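This report concerns only the one structure given below.
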Amino acid sequence: MVGVGLIGTGFMGKCHAIAWNAVGAVFPDVEKPRLVHLGEVNDELARRKAGEFGFAKGSGDWRAVVNDPDVDVVSLTTPNQFHPEMAIAILEAGKHLWCEKPMAPSFTEAETMAAAAKRSGKVAVLGYNYIQNPAIRHIGALLEEKIIGDVNLVRIEMDEDFMADPEALFFWKHEASSGYGALDDFAVHPLSLIKALFGRVSRVMCDMVKPYADRKTASGARRAVETYDIASVLMHLENGVAGTLLVNRSAWGRKGRIAIQIFGSKGSILYDQERMNEFQLYLTADRPTEQGYRTILVAPHHKPYDSFLPAPGHGLGFNDLKMIECREVLMRIAGKPARILDFDEGLEIERTVHAMARSFQEQRWVDVR
Numbered sequence: 001m002v003g004v005g006l007i008g009t010g011f012m013g014k015c016h017a018i019a020w021n022a023v024g025a026v027f028p029d030v031e032k033p034r035l036v037h038l039g040e041v042n043d044e045l046a047r048r049k050a051g052e053f054g055f056a057k058g059s060g061d062w063r064a065v066v067n068d069p070d071v072d073v074v075s076l077t078t079p080n081q082f083h084p085e086m087a088i089a090i091l092e093a094g095k096h097l098w099c100e101k102p103m104a105p106s107f108t109e110a111e112t113m114a115a116a117a118k119r120s121g122k123v124a125v126l127g128y129n130y131i132q133n134p135a136i137r138h139i140g141a142l143l144e145e146k147i148i149g150d151v152n153l154v155r156i157e158m159d160e161d162f163m164a165d166p167e168a169l170f171f172w173k174h175e176a177s178s179g180y181g182a183l184d185d186f187a188v189h190p191l192s193l194i195k196a197l198f199g200r201v202s203r204v205m206c207d208m209v210k211p212y213a214d215r216k217t218a219s220g221a222r223r224a225v226e227t228y229d230i231a232s233v234l235m236h237l238e239n240g241v242a243g244t245l246l247v248n249r250s251a252w253g254r255k256g257r258i259a260i261q262i263f264g265s266k267g268s269i270l271y272d273q274e275r276m277n278e279f280q281l282y283l284t285a286d287r288p289t290e291q292g293y294r295t296i297l298v299a300p301h302h303k304p305y306d307s308f309l310p311a312p313g314h315g316l317g318f319n320d321l322k323m324i325e326c327r328e329v330l331m332r333i334a335g336k337p338a339r340i341l342d343f344d345e346g347l348e349i350e351r352t353v354h355a356m357a358r359s360f361q362e363q364r365w366v367d368v369r
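When we follow full-length UniProt numbering, the leftmost residue of the sequence shown carries the number 1, and every step to the right adds one.
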């Protein structure tokens, strides 16, 4: 039975805990894991969260989780800037690693993490759960069938409004130490979909914007915002498809939107993460009198939806995708085929993000390499 450690108990830490608790009930083809050890910033919080999340014990020092001989795999869900030190320590301790995205604020740190994963010989994978959606999996199958012919353009947007309020206080995601901003905070999610559906990005041209130059701090002073909430990118994919990527953390009214439009020679496919249990399909093969977008509702025949629900149209949620991803982690640890992005594939996404940032800095097209 796989022993699980968890470092970090915020939003994503709780998502991982829910997944580890439920994966054995939802997917009987994997062994139910043991929730062994949870790490937080102090002993009191660690013990409380261990009780809430179902872990046998909690420690106020993350190294205690890493060094626990009963822990086989660690979920790492801390803020991005802590990933490199912790991830490398986890791998060097001989543990498997399920790390939330992005890998690290700098590309050099991400490379170091990938090298540590290679040296360790352990499973090291990243938390890109949107690629697990049965709707996305089926869109990928349709693209392989060429049901919409040869794809010529993919347009993808990600918008949320958690930074839209100009009066919201300055916090750690406004610091340069956290990364570039929207580009690596969550543009990596649409890039994971590009990776899963189309492959590599080869060239980029990027612009970034700060909608608010400064923000109030808790003391009432104002501090300059060091990251960019908005990014717009032109892309060339390695397979010849053109692409655009638009991301905005300050988009009032948008809550969890990843909108994909895929245009081909014989039709198109539309998908919106805010309506994650459906997608739209347009086919020129339909009779002209009935041509139009049809809505495809996710159903039991769009696997692994059937592991959750026996009837179509009832809908999966964000945490369900995390459970699917958790199963893929366990499958990979067991040496079985798994649909999940490892550190080498994640490094390719990081390379793309840093090429975009370099494009903005140098105001030119940049090759991703």
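Glycine included, C-beta positions come from ideal geometry on N, C-alpha and C. Just so we're clear, the structure is a prediction, and the values are computed from it rather than from any experiment.
- The DSSP-derived three-state label of N277 is coil.
- Non-local beta-carbon contacts of H37 in its own chain, meaning distances under 6 Å to residues more than five positions away in sequence, involve G5, K57, V65, D68, V71 in chain order.
- Here N42 carries a coil assignment [DSSP, helix/strand/coil].
- Under the three-state reduction of DSSP, N319 is assigned to helix.
- Rounded to whole angstroms, the separation of the alpha carbons of I139 and A87 is 33 Å.
- For G267, the CB contacts under 8 Å within the same chain, skipping 5 residues up- and downstream, are I147, I148, G149, L281, Y282, L283, T284, A285 in chain order.
- In the structure shown, Y180 falls within a coil segment according to DSSP collapsed to helix, strand and coil.
- Judged by pairs of C-beta atoms under 8 Å, the stretch 248-257 touches the stretch 157-168, as three or more such pairs exist.
- Of all C-beta pairs linking the stretch 128-142 to the stretch 223-230, fewer than three are shorter than 8 Å, placing the two stretches out of contact.
- W20 counts as buried, since at least 16 other C-beta atoms from the protein chains shown sit within 10 angstroms of its C-beta.
- The alpha helix (DSSP H) runs lying completely inside the stretch 17-101 and spanning 4 residues or more are 43-53, 62-66, 83-92, given in chain order.
- By DSSP's assignment, H236 forms a beta bridge with R203, A242.
- In the three-state scheme derived from DSSP, where H, G and I count as helix and E and B as strand, T108 is classed as helix.
- DSSP places L283 in the strand class (E or B) of the three-state scheme.
- Listed in chain order, the non-local C-beta contacts of M205 below 6 Å within the same chain comprise L234, S359, W365, local neighbours out to five positions each way being set aside.
- For the pair E40 and T78, the CB atoms are not nearer than the 7 Å cut-off.
- A221: not part of any beta strand (DSSP E); DSSP gives it neither H nor E.
- For the pair of segments examined, the stretch 182-199 was found not to touch the stretch 291-304: the number of CB pairs separated by less than 8 Å stays below three.
- In this structure, E31 is the residue among E31, H236, F170 with its C-alpha nearest to the C-alpha of A334.
- At the C-beta level, Q81 and S192 stay beyond 7 Å of one another.
- If you check the CB distance, D306 and P300 come in under 7 Å.
- The beta carbon of E111 lies closer than 8 Å to those of L347 in the same chain, with the five residues before and after it left out.
- L197 carries a helical assignment under DSSP once its states are collapsed to helix, strand and coil.
- Nearest to G264 by C-alpha distance, out of R119, A117, R155, G181, is R155.
- Around the CB of S219, fewer than 16 other CB atoms lie within 10 Å, so the residue is classed as exposed.
- The Cβ atoms of I18 and N319 lie closer than 7 Å to each other.
- Taking R254 as the centre and dropping the five residues before and after it, the same chain places the C-beta of D159, E160, D161 closer than 6 Å to its C-beta, in chain order.
- Cβ atoms of K303 and N129 stay farther apart than 8 Å, at about 16 Å.
- In the structure shown, I147 falls within a coil segment according to DSSP collapsed to helix, strand and coil.
- Around V188, the same chain offers K101, P102, I349, V353 as residues with beta carbons nearer than 7 Å, after the five sequence neighbours per side are excluded.
- In this model, E325 and R332 are separated by some 11 Å (Cα to Cα).
- In this structure, DSSP gives R119 a helical state, which the three-state scheme calls helix.
- Here the alpha carbons of I269 and D344 stand approximately 29 Å from one another.
- The bridge partners DSSP lists for S268 are F263, Y282.
- DSSP places A124 inside the beta strand (DSSP E), whose first and last residues are 124-127.
- Beta-carbon to beta-carbon, L91 and K122 are separated by about 6 Å, close enough to satisfy the 8 Å threshold.
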